[in-house]
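Residue numbers (our numbering): 61 to 139.
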């Protein structure tokens, strides 16, 4: 995971320079997705109460050009 973070940190400013944009993005877009867990997965998975889905939550952040900035894969909240 650390290698991917370092790769994104080094790659992102270069993409901005090549596409005649600023090195740092002026705006980010955040999206989340509930990912269902199989029935045999341990009990540590949470429940996304809004969708009633047991599993994990995937968060993706991109800049306004669609270049990947960050990905987080966490268990859903226990409510």
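Where a beta carbon is used, it is the ideal one built from N, C-alpha and C, also for glycine.
Less than 8 Å between the C-beta atoms of residue 92 and residue 133, yes or no? Numbered from 1 along the chain shown, position 32 holds the residue referred to as residue 92. Numbered from 1 along the chain shown, position 73 holds the residue referred to as residue 133. Result no, Cβ atoms of residue 92 and residue 133 do not sit closer than 8 Å.
For a cutoff of 8 Å on Cβ pairs, would you count residue 120 as touching chain D? Structure shown: chain D not included; a single protein chain is present.
As a quick exercise: from 88, 90, 95 and 125, pick the residue whose alpha carbon is nearest that of residue 135. Reading the chain shown from its first residue, position 75 is the one you call residue 135. The shortest C-alpha to C-alpha distance from residue 135 to any of 88, 90, 95 and 125 is the one to 95.
Note down the Cα distance separating residue 89 from residue 121, rounded to an integer number of angstroms. Working through the chain shown from its first residue, we reach residue 89 at position 29. Working through the chain shown from its first residue, we reach residue 121 at position 61. In a straight line, the C-alpha of residue 89 is about 6 Å away from that of residue 121.
If you follow the beta strand (DSSP E) that residue 89 is part of, which residue opens it and which one closes it? Position 29 of the chain shown, counted from the start, is the residue given in the question as residue 89. Here the beta strand (DSSP E) through residue 89 covers 88-96.
With DSSP as the reference, please indicate the residues paired to residue 135 in a beta bridge. Mapped onto the chain shown, residue 135 falls at position 75. Beta-bridge pairing links residue 135 to 116.
Is the CB-CB distance between residue 86 and residue 129 below 8 Å? One-based indexing of the chain shown puts residue 86 at position 26. One-based indexing of the chain shown puts residue 129 at position 69. No, the Cβ-Cβ distance between residue 86 and residue 129 is not below 8 Å.
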